[in-house]
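In what follows, a single structure is set out as structure tokens and then discussed.
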Amino acid sequence: MAITELSASKLRRHFNAKTFPFKTTDELTPLDSIIGQDRALKALQLGLEMDASGYNIFITGSPETGKTSIIENTLQRYAAKRNTPNDWCYVYNFGEQDVPRALSLPAGKGKVFRRHIADLINTLEIEIRRAFGSEHYENQKAAIMNQLNQQKRQMLQELEEKAIELSLKIQPTSMGFQTIPIKDGEPLTQEAFQGLSKDEREDITQKVQKMEVEISETLRNLARLEMRFQKSLQQLDKDVASFVVEQYVNEIKETYKKHRQVTAYLEDVCKDVVANSANFIDGFQGEGGEENLAFKKSFMKRYQVNV
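In structure tokens, the structure reads:
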């Protein structure tokens, strides 16, 4: 076939613009489909209608063909016909820290819930610190400590009276108590002790041994007494923290009483704050400002709600 040279005018397509019923393309309605891709659009529609997990839609094609715009428009029209999905809130799992809890709330309520929890924690920081700094709390704590000291003094007095009955004196040391024999109202020196008769020395030795048994028993009782009163102080702290925390948590629980998962989560928040009330009182104060702030930031993450 012979090759014919074409002029520039023959390489241009000519058309009559007056045949189009518009002046500019801005007046045109955008296409809602891709020309020549009817099967692809039907496949997309089929994929959207498959309401089951485990399926995906994979789309490929040449660039600048409008596929992204068409797909976005299709998805928007499809979503507009469906019910708005619930919000999903991911929160800290106090029972299994590595597995977050998922809470479902009506659309738009997730952000509201997140704000409620943030406001709650901020309020509890203030109110817990205020409660533990109150005169009422200090009076209750002082009453417990006074009772402890009174019982300790009584036990030590009884121990001292037993020592006097045995002609002994007890002297506190860093390791407990030292037993010292008394003769004629004065401590008996080792030299004087050796100068006593054998029977006198044996009698004193028996008394010292008996007193050491009494001392050991008293020390055990003092330790048990300390533990018992320590539990009383812990219970006081728990009662004070519970009183503060529960009243504020219960207000939010009332708001979400129709959502059992949320109320269960709020109950766990209440228990956790009470158990860690010391962190709200003074856990972020004192020396080491940067370290304390880092600890606070890390600790408080457990109360954040991710929507």
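Going by this note's numbering, the sequence shown opens with residue 128, and the numbers climb by one from there.
Beta carbons: idealized from backbone N, C-alpha and C, even for Gly.
Here the structure is a predicted model, which means the values were calculated and not measured.
Cα-Cα separation between residue i and residue j, rounded to whole angstroms
{"i": "residue 420", "j": "residue 429", "result": "15 Å"}
{"i": "residue 172", "j": "residue 403", "result": "53 Å"}
{"i": "residue 275", "j": "residue 282", "result": "11 Å"}
{"i": "residue 146", "j": "residue 155", "result": "15 Å"}
{"i": "residue 317", "j": "residue 288", "result": "23 Å"}
{"i": "residue 411", "j": "residue 239", "result": "Note that residue 411 scores 49 on pLDDT, short of 50, meaning its location in the model is unreliable; the coordinates nonetheless yield the value given after this. Residue 411 and residue 239: Cα-Cα distance of roughly 28 Å."}
{"i": "residue 407", "j": "residue 217", "result": "23 Å"}
{"i": "residue 250", "j": "residue 378", "result": "13 Å"}
{"i": "residue 266", "j": "residue 212", "result": "53 Å"}
{"i": "residue 398", "j": "residue 387", "result": "17 Å"}
{"i": "residue 303", "j": "residue 396", "result": "44 Å"}
{"i": "residue 335", "j": "residue 269", "result": "37 Å"}
{"i": "residue 236", "j": "residue 195", "result": "31 Å"}
{"i": "residue 349", "j": "residue 426", "result": "36 Å"}
{"i": "residue 277", "j": "residue 284", "result": "10 Å"}
{"i": "residue 149", "j": "residue 141", "result": "18 Å"}
{"i": "residue 333", "j": "residue 301", "result": "24 Å"}
{"i": "residue 188", "j": "residue 182", "result": "20 Å"}
{"i": "residue 191", "j": "residue 164", "result": "15 Å"}
Reference residue i; option with closest CA among the options
{"i": "residue 454", "options": "265, 380, 299 and 387", "result": "This structure cannot speak to residue 454, because the chain is shown only from 128 to 434."}
{"i": "residue 254", "options": "181, 285 and 368", "result": "368"}
{"i": "residue 185", "options": "307, 168, 383 and 200", "result": "168"}
{"i": "residue 178", "options": "194, 206, 190 and 432", "result": "206"}
{"i": "residue 328", "options": "343, 314, 308 and 301", "result": "308"}
{"i": "residue 198", "options": "130, 422 and 175", "result": "175"}
{"i": "residue 272", "options": "354, 301, 323 and 321", "result": "354"}
{"i": "residue 392", "options": "137, 297, 222 and 204", "result": "222"}
{"i": "residue 144", "options": "152, 295 and 260", "result": "152"}
Cβ-Cβ distance between residue i and residue j below 9 Å
{"i": "residue 286", "j": "residue 341", "result": "yes"}
{"i": "residue 400", "j": "residue 434", "result": "no"}
{"i": "residue 200", "j": "residue 227", "result": "no"}
{"i": "residue 247", "j": "residue 389", "result": "no"}
{"i": "residue 364", "j": "residue 405", "result": "yes"}
{"i": "residue 219", "j": "residue 431", "result": "yes"}
{"i": "residue 424", "j": "residue 352", "result": "no"}
{"i": "residue 202", "j": "residue 215", "result": "no"}
{"i": "residue 337", "j": "residue 293", "result": "yes"}
{"i": "residue 290", "j": "residue 306", "result": "yes"}
{"i": "residue 258", "j": "residue 370", "result": "yes"}
{"i": "residue 315", "j": "residue 297", "result": "no"}
Run of the alpha helix (DSSP H) containing residue i, from where it starts to where it stops
{"i": "residue 392", "result": "387–402"}
{"i": "residue 202", "result": "194–207"}
{"i": "residue 345", "result": "325–382"}
{"i": "residue 279", "result": "262–292"}
{"i": "residue 321", "result": "317–321"}
Residue i, enclosing beta strand (DSSP E) - first and last residue
{"i": "residue 228", "result": "228–232"}
{"i": "residue 219", "result": "From DSSP, residue 219 is part of no beta strand (DSSP E); its letter is neither H nor E."}
{"i": "residue 304", "result": "303–310"}
{"i": "residue 173", "result": "That residue, residue 173, is in no beta strand (DSSP E); its alpha helix (DSSP H) goes 165–176."}
{"i": "residue 298", "result": "295–300"}
Near the ligand ADP: residue i beta-carbon under 8 Å from a heavy atom
{"i": "residue 238", "result": "As for the ligand ADP, it is missing from this structure, which has no ligand bound."}
* **Contact between the region 232–250 and the region 381–392 (3+ Cβ pairs under 8 Å)** => yes
* Would you call the region 202–221 and the region 352–360 in contact, with 3 or more CB pairs under 8 Å? -> no
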